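Quick note on numbering: the sequence shown equals residues 1 to 796 in full-length UniProt numbering.
Using N, Cα and C, we set each Cβ at its ideal position, and we do this for glycine too.
All values derive from a computational prediction rather than experimental measurement.
Working notes, beginning with the structure itself.
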Amino acid sequence: MLCWGNARDGQLGIGVERHPVFEPRNCHVFSRRGLIEVACGGQHTLFLLHDGSVYTCGFNGCRQLGHNKDGSFPELVGALDTQKITMVSCGWAHSMAVNEQGQVFAWGAGDRGQLGLGTAENAVRIPRLVKRLCDHSISQVMCGNQHCIALSRDGQLFTWGQNTNGQLGLGKGEPSKLSPHPLKSLAGIPLAQITAGGDHSFALSLSGAVFGWGKNRAGQLGLNDKQDRAVPCHVKFLRSQKVVYISCGDEHTAALTKDGGLFTFGDGSWGQLGHGSTNNELLPRRVLELMGTEVSQVACGRHHTLALVPSSSMVYAFGCNSQGQLGTGILGDARSPFPIKTSFLSGNLQRETKQYMVIKIICGGDHSFLLYSNEQNSINPVDFRVINISKSLSPINYERLNSWRLKLMYNTDSSVANDIVIQLSSAACWNASFLDQSDDTHFKTNPKIPGIDLNSVRVLFECLSKPAFSGLLEQASTSFESLLIPQLPRSPPDVEAMRIYLILSEYPALQDSKNYIRLTIPLAMAILRLDTNPSKVLDNWWCFVDGNVFTRMVDTYKSIVVFMLTGGKTLLVPVFYDNYFLATLQLLEKLHKVNLKANHVEYSHFYIPDVTSLVDIQEDYLKWFLSKAEIKVGSSPSQSDFPSVNLCAFPFILNAQAKTTMLQTDAELQMQMAVSGANLHNVFMLLTLEPHLARNPYLVLHVRRNHLVSDTLRELTMYTDVDLKKPLKVIFDGEEAVDAGGVTKEFFLLLLKELMDPVYGMFTHYKDSNLLWFSDTCFVEQNWFHLIGVICGLAI
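Here it is, written out as structure tokens:
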């Protein structure tokens, strides 16, 4: 291990040095002892060994070392002897550790609640368990100056400590918190990493979405302004950059991309952004001097930054150097990346020279560390661009399913089942699974690309449906029913949080009628609850899914309609029945609108033929019409008189037979209303002694046989649309026959025959199908086509 920088309080582990250490110096304290992690606070340091033991050194004014020694050299934190620690983190004057069970221990300064113990103690020497997090398995914990942020394995985020700048992300006006509080505004997003700066915080999703909040005085949030944020805000500039790692300084931030690019932003007053100046940057800006090389690690101290280029084993430093924290061996700050002074060799030199390679770089406060190894050792260099599975949330895959299956078989402890339910009911865990890795597609997740491989989803669910996994299948269904689906939000925080809707749609149990009430319809309700924008995103994704997937969804909800019309009524009280039935039809309507754009299936595929035998279409239409009429005049129909669900409001599910019945019913209703309206008007005219204003309750056409088309056109132009709804009577000039229906029938036959005469050129006859259609070239005025429509309407 190499160390350099401020050693005034013993934080380098090499004893107290009055003067800064300007060049990397070897520290042999942990030689051959399996040092795996170093965490730097403001003036103290934590060291984690492979056996899970923790050593500390440095300033101990707030008991942040966890022991009573002077801190000049690393000393064991004896209170953690019984724990196997897997992760450590430091704030300015407090310390955190996570054991292999995911429990969190805290000690040091707690006056701002940064220890999460529920109290505001100035100094806590013995590490204490953060009880508020005991129900969660924590995979990451990161410390800012006086606040903390933690990520659980099921994707939940917790924050606590000082909140003067909104660094807890809990909303405007929220006070500091003495114990962990859930940060729900990022719920469902599959997070890969969390990190904290002085008074700001960041969260990074698996597909490269960056969210920042807290202090923004120097633009360290990358949002193109200097306003603090009390809730997580999406750093849109970085969305397309494939960001895989973030590091925070006191007031600056660095983002590492998958291709090895480095972006920095925020405070640049010491040159810590590496742009050759001391300007602040409000938007992420790429470090140009490192372009052309791949950076695999980046670490931010208080006012300085380190970056590792693995191809040459070169570590570059830039920023403040007042305490020698750059390790360049020279005085003065560096505004651009400058190589630190080491004797490491890149492998291009002669083999007889002893070779070393950099394992990891760490910095914090005003001091820095570098872990290295002989190239002959089996230790591989850390690449921050590769996700550390042990410190991320748990994706759901075959290996995990099989592990859970065995645990359920051989372990009767209820806590095991509870842990499985927690992860199965986590939208974040599901959203983290099945990422489409081909051509880094998941990094392109947007309102048109979900970024997941639905074939992998299908394969996993097929495995879950096998008899060997029957117990786990029931656990999954229970988790979905009681926890996951009811908690799906109206407005997901990001498109990555919406993958769950596509994943759940592949769940085979949804197609089982036993699960219609408990799973399938509640999922439809959750989809319909979505706000406008996320609802449109889901529509877009459905447009691009495989046709078979879409067809299966349509068939499932069509089956539910039949189920609800047959046996469903007996399973639900009337209020729930109406809500469930309406949700099913509305989801089909949503799918139908998607299909109009995507053309996944023929429009006739939405027809439900059984409807005509299960529902009286005529009665259903009348009830729907009357309910609409009541709503139009402002009164609400009685639930007992007019049920809230009418199939005629969803005509796309009705076949030709049902629609014919509906149109005939509508025609009869319109005719009766027109006649009634005319009769009512006539009665009123009689009462007002103005009989000359009476209206004919019939639509009467006076025509001549030898001028049938022109007379009909003339007569129809004299009537309003309301008149056209009245019963038709035809009178041929010079004939005394009373129209009891026969004259009207003859009229239609003669008129249509004449209109279709090739002389007019209105129609083209297709011999192959023996059908007629409107001609592209005709010799009549446009209103003749309107006449055809009116005539057809009158005939129907």
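- prompt: If you drop the 5 nearest sequence neighbours on each side, which residues of the same chain put their C-beta closer than 6 Å to that of residue 801?
  reply: The shown model of the chain, from 1 to 796, leaves out residue 801, and the question about it has no answer.
query: Which value, in whole angstroms, describes the spacing of the CA atoms of Y577 and S465?
result: 29 Å
query: Going straight from the alpha carbon of S795 to that of Q672, what length do you get?
result: Note on residue identity: the sequence assigns Ala, not Ser, to residue 795. C-alpha separation (whole angstroms): 16 Å.
query: Count the other CB atoms within 10 Å of the CB of residue 797; is the residue buried (16 or more) or exposed (fewer)?
result: Outside the displayed span of the chain (1 to 796) sits residue 797, for which this structure offers no information.
message: Considering Cα atoms alone, identify which of L288, L283 and G102 is closest to H275.
response: L288
task: Please report how far the alpha carbon of Q664 lies from the alpha carbon of L523, in whole angstroms.
output: 37 Å
query: Can you find at least 3 beta carbon pairs, one from the stretch 204–212 and one from the stretch 259–270, that sit closer than 8 Å?
result: no
task: Take C648 as the anchor and find which of E668, N679 and V611 has the nearest alpha-carbon.
output: V611
Close beta carbons around G266, own chain, < 6 Å, minus the five adjacent residues each side: A218, G219, Q220, E251, H252 and T253
Delimiting residues of the beta strand (DSSP E) encompassing V703: L699 to V703
message: Any contact between the stretch 468–477 and the stretch 402–413? By contact I mean 3 or more CB pairs, one from each, below 8 Å.
response: yes
query: Cα separation between V743 and N696?
result: 19 Å
query: Is L680 near the ligand NAP, judged by its Cβ being under 7 Å from some heavy atom?
result: Because no ligand of any kind appears in the structure shown, any question about the ligand NAP cannot be addressed here.
- prompt: Based on the DSSP secondary-structure assignment, which residues constitute the bridge partners of Y501?
  reply: Answer by DSSP bridge pairing: none, since Y501 is not bridged.
message: Taking the straight line between their C-alpha atoms, what separation do you get for E754 and K659?
response: 29 Å
query: At what residue ranges does the stretch 561–636 contain a whole run of the alpha helix (DSSP H), taking only runs of 4 or more?
result: 574–598, 611–614 and 617–633
Sequence ranges, alpha helix (DSSP H) only - wholly within the UniProt repeat "RCC1" (52–101), length at least 4: none
query: Exposed or buried, M87, counting other C-beta atoms within 10 Å across all chains shown (16 or more means buried)?
result: buried
message: Along the chain, where does the alpha helix (DSSP H) containing P534 start, and where does it finish?
response: T532 to F544
task: Determine the direct distance from the alpha carbon of E589 to that of L626, and round the result to whole angstroms.
output: 22 Å
Chain-order list of residues whose beta-carbon lies under 7 Å from that of I521 (same chain, five-residue window excluded): I560, Y580, A583 and T584
- prompt: Is S373 closer than 8 Å to I359 when the C-beta atoms are compared?
  reply: yes
query: If you run the structure through DSSP and keep just helix, strand and coil, what is G347?
result: Legend: pLDDT at G347 = 41, less than 50; position of this residue unreliable, no value from coordinates given.
- prompt: Since I452 contacts F480 with CB under 8 Å, what's their CB separation in whole angstroms?
  reply: The Cβ separation is near 18 Å, so there is no contact.
task: List the whole-angstrom C-beta distance separating Q140 from I194, where the pair is believed to meet the contact cut-off of C-beta under 8 Å.
output: 5 Å
field: Secondary structure of I791, DSSP reduced to three states
entry: helix
- request: Starting from T441, follow its DSSP beta bridges and name the residues at the other end.
  value: None, per the DSSP bridge assignment.
field: First and last residue of the uninterrupted alpha helix (DSSP H) at Y410
entry: Y398 to Y410
query: So what's F748 in DSSP terms, helix, strand or just coil?
result: helix
message: Cutting at 6 Å between CB atoms, please list the residues of its own chain near L728, excluding the five before and the five after it.
response: L699, T744 and L794
message: Which of the three DSSP states is assigned to A209 in this structure?
response: coil
- request: Give a yes or no on whether 8 Å exceeds the smallest Cβ distance from I359 to chain B.
  value: Checking the listed chains, one finds no chain B in this structure; it contains a single protein chain.
- request: Could you name the residues of the same chain whose beta carbon sits closer than 8 Å to that of R351, not counting the 5 residues immediately before and after it, in chain order?
  value: Its pLDDT being 42, under 50, R351 is placed unreliably in this model, and the value from its coordinates should be taken loosely. Excluding residues within five positions, none has a Cβ falling inside 8 Å.
field: Three-state class that DSSP yields for G144 in the structure shown
entry: coil
- prompt: Got a sec, what are the start and stop residues for the alpha helix (DSSP H) residue 854 sits in?
  reply: Coverage of the chain is limited to positions 1 through 796, which leaves residue 854 absent and any answer about it impossible.
Residue environment, S613, which counts as buried when at least 16 other CB atoms sit within 10 Å: exposed
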